[in-house]
Amino acid sequence: MAAAALGWALRAARQVLPSPCPRQVRSYYVDWRMLRDVKRRKMAYEYADERLRINAIRKNSILPKELQEVADKEIAALPRDSCPVRIRNRCVLTSRPRGVKRRWRLSRIVFRDFADHAQMCGVQRAMW
Amino acid sequence: KDKSAASKDSTPEGAAKRQEDGAETPKQQLLDIIGNMKVEVSYRKKLQQIKASENKKQAMNKLQGLDSEGSVPQGITEDAQRGKPLNPELVKAASAVASSLPRDKKQTESELLAQLRRHEETTDKQKKGEIINLRNVISEMTIKRQSPAQWGLGSRLTGRISLQLDEDGRRTRRERSSAQSMDSRRSLKVGKRLNIFTKASTEPEHALKTVSSPTIWDLEFAKEVAAVTAQPPRNGFEEMIQWTKEGILWEYPIDNEAGMEDDAEFHDHIFLEKHLEGFPKEGPIRHFMELVICGLSKNPYLSVKQKVEHIEWFQKYFEEKKELLQEI
Numbered sequence: 001m002a003a004a005a006l007g008w009a010l011r012a013a014r015q016v017l018p019s020p021c022p023r024q025v026r027s028y029y030v031d032w033r034m035l036r037d038v039k040r041r042k043m044a045y046e047y048a049d050e051r052l053r054i055n056a057i058r059k060n061s062i063l064p065k066e067l068q069e070v071a072d073k074e075i076a077a078l079p080r081d082s083c084p085v086r087i088r089n090r091c092v093l094t095s096r097p098r099g100v101k102r103r104w105r106l107s108r109i110v111f112r113d114f115a116d117h118a119q120m121c122g123v124q125r126a127m128w
Numbered sequence: 001k002d003k004s005a006a007s008k009d010s011t012p013e014g015a016a017k018r019q020e021d022g023a024e025t026p027k028q029q030l031l032d033i034i035g036n037m038k039v040e041v042s043y044r045k046k047l048q049q050i051k052a053s054e055n056k057k058q059a060m061n062k063l064q065g066l067d068s069e070g071s072v073p074q075g076i077t078e079d080a081q082r083g084k085p086l087n088p089e090l091v092k093a094a095s096a097v098a099s100s101l102p103r104d105k106k107q108t109e110s111e112l113l114a115q116l117r118r119h120e121e122t123t124d125k126q127k128k129g130e131i132i133n134l135r136n137v138i139s140e141m142t143i144k145r146q147s148p149a150q151w152g153l154g155s156r157l158t159g160r161i162s163l164q165l166d167e168d169g170r171r172t173r174r175e176r177s178s179a180q181s182m183d184s185r186r187s188l189k190v191g192k193r194l195n196i197f198t199k200a201s202t203e204p205e206h207a208l209k210t211v212s213s214p215t216i217w218d219l220e221f222a223k224e225v226a227a228v229t230a231q232p233p234r235n236g237f238e239e240m241i242q243w244t245k246e247g248i249l250w251e252y253p254i255d256n257e258a259g260m261e262d263d264a265e266f267h268d269h270i271f272l273e274k275h276l277e278g279f280p281k282e283g284p285i286r287h288f289m290e291l292v293i294c295g296l297s298k299n300p301y302l303s304v305k306q307k308v309e310h311i312e313w314f315q316k317y318f319e320e321k322k323e324l325l326q327e328i
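Protein chains in written order, with the UniProt record's numbering: chain A, 1 to 128; chain B, 1 to 328.
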């Protein structure tokens, strides 16, 4: 009861009081391609265990080949979006598919923009 | 009544003293008895009880002498107690008591009635809740010797933050109460139990027990109250506290097992052969499963439950493929 009240209070406080430094609030994904990528990621997460196990049966030298062929067919029957290969690491802010640095999940243009305005912690212009 | 008078005459004490105290102590005894019977104790009673404690020895002697008399007024006071709102009974009782005393019947009667009237007035006032007996409240509190100093310090420290009115009000109240506590130090633990706080404490317990499910209105009210009282953070520390509560910030010193609640021992993780009972003891499947178990035992990232689920999935899979396996 006390915990629920506290939770309510926190949520209420967040809604009622304005945050001290206003940031851009994004309520939609940047474009449809990003949305589809998000869906693929979710599906891949759901089917990850099954895919791992069926692949363990397939990539085997101990089990009989007939069993492995059956496993091949099974994994092909899974939904296409469940495989992790279809995921593309897009830029988080602009949904750019190319030129994305993995550490920051940002495209090179956005990264450069933030870094020049000193909004990337520990990032400095190289000079040697 | 004659017997009581005779017993009174027989008590070996100064006649003058006895007569003077004789009029007072039965009254005190009566009032003591009334006070014993009643739960609410007023300031007047306290003073009288203090007086009674000072004259205890005399009172004890009187009691020994007036035992027979004591029983008579007790009965009368009991009747008086039950018939508190009814005045003619009181009057009768007062007249009976006065008549039982050796001399000055009219004076004692009038004094008794006056005292009873005052007693009624105070009880009525208490029932209405107009009198705030600070002394009584504070006399019950156990006060340490350092407390006045602490109170003074606390008021000075909080003075900067709180409004001036509050500061002054707190200071004056505390000074008053501390002075009173200093005065009544002797009688702090001597006085009677007020039984105010024990009653009040038992009531909300019952209320809590009856209200089990919080209604939507209660939740809304709690939300409102929390929203009103929640101030924006005044400094970086409060902001960090708020973030920690929300879960944005970790708790320091960093606990490596913050989210994990794995209570399983190492032998549950490593020795997984007991889960292999559903598989055939020989053949390629067994070989395969032993490799799986070897891999799982070296895996520190999965919980025991996940490992068991892994093995069970394989068991289910191979059971489904049993017909196929038997063809081979």
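We put the beta carbon where it would ideally sit given N, CA and C, even for glycine. Predicted model, so just to flag it, every value in this text is computed and none were measured.
The C-alpha of V70 of chain A lies about 25 angstroms from the C-alpha of Q306 of chain B. Counting along the chain, the unbroken alpha helix (DSSP H) around P284 of chain B starts and ends at 284–297. Beta bridge pairing from DSSP links S107 of chain A with A:V100. With distances taken between CA atoms, L52 of chain A lies nearest to B:V292 out of B:P233, B:V292, B:N235, B:Q115. Selection A:Y47, A:S61, A:I109 evaluated against P284 of chain B yields A:S61 as nearest (Cα-Cα). If you check each beta-carbon in the segment 31–55 of chain A against every beta-carbon of chain B, the ones closer than 7 angstroms belong to R53. Per DSSP, reduced to three states, the secondary structure at P64 of chain A is coil, with no helix or strand assignment. When the five nearest sequence neighbours on each side are left out, the beta carbons in the same chain lying within less than 8 angstroms of the beta carbon of K51 of chain B are those of Q28, in order along the chain. At a Cβ-Cβ threshold of 7 angstroms, I87 of chain A and R26 of chain A do not count as neighbours.
Residue-level contact by beta carbon holds for P284 of chain B and chain A, with a gap shorter than 7 angstroms. Taking a Cβ-Cβ threshold of 9 angstroms, none of the residues of chain A is close to W243 of chain B; the smallest such distance is about 11 angstroms.
Between the segment 31–45 of chain A and the segment 77–87 of chain A there are three or more inter-stretch CB-CB distances shorter than 8 angstroms, so the stretches are counted as touching.
Just so you know, the alpha carbons of F288 of chain B and I54 of chain A end up roughly 13 angstroms apart. With distances taken between CA atoms, E89 of chain B lies nearest to B:L113 out of B:S100, B:L113, B:K105, B:Q107. Not a single CB atom of chain A sits nearer than 7 angstroms to the CB of H275 of chain B. Contact check for C91 of chain A against V85 of chain A fails: the beta carbons are separated by 7 angstroms or more. Within the model, the alpha-carbon separation for E109 of chain B versus T215 of chain B is close to 60 angstroms. Nearest CB-CB separation between E74 of chain A and chain B: not below the 7 angstroms threshold. Look at K192 of chain B here: in three-state DSSP terms it is coil, with no helix or strand label. The DSSP assignment places 32–58, 65–77 as complete runs of the alpha helix (DSSP H) inside the segment 30–93 of chain A, in order along the chain (cut-off: 4 residues).
Close to E66 of chain A, with beta-carbon spacing below 9 angstroms, are these residues of chain B in chain order: L324, L325, E327, I328.
Cβ contact annotation for A48 of chain A (same chain, cutoff 8 angstroms, sequence separation greater than five): P84, in chain order.
With 16 or more other Cβ atoms inside 10 Å of its own Cβ, L116 of chain B counts as buried. Between N235 of chain B and T244 of chain B, the alpha-carbon positions lie close to 15 angstroms from each other. From the beta-carbon of K298 of chain B, no residue of chain A is found nearer than 8 angstroms; the closest lies around 15 angstroms away. Annotation for E251 of chain B: T244, A258 place their beta carbon closer than 8 angstroms to its own, counting only its chain and skipping 5 residues before and after. Rounded to whole angstroms, Q124 of chain A and W313 of chain B show a C-alpha spacing of 51 angstroms. For the pair D268 of chain B and V304 of chain B, the CB atoms are nearer than the 7 angstroms cut-off. For L63 of chain A, the closest Cβ of chain B is nearer than 7 angstroms. For N89 of chain A, no chain B residue has a C-beta closer than 8 angstroms to its own C-beta; the minimum C-beta separation is roughly 22 angstroms. Listed along the chain, the chain A residues whose CB falls inside 9 angstroms of the CB of W313 of chain B are D49, E50, R53. In this chain, the alpha helix (DSSP H) harbouring I270 of chain B covers 266–270. Among the residues facing chain A, F288 of chain B is included, as its CB has a counterpart in that chain under 7 angstroms away.
Assignment of F279 of chain B by DSSP, reduced to helix, strand and coil, places it in the coil class. DSSP places Q48 of chain B within a helical segment (H, G or I) once states are collapsed to three.
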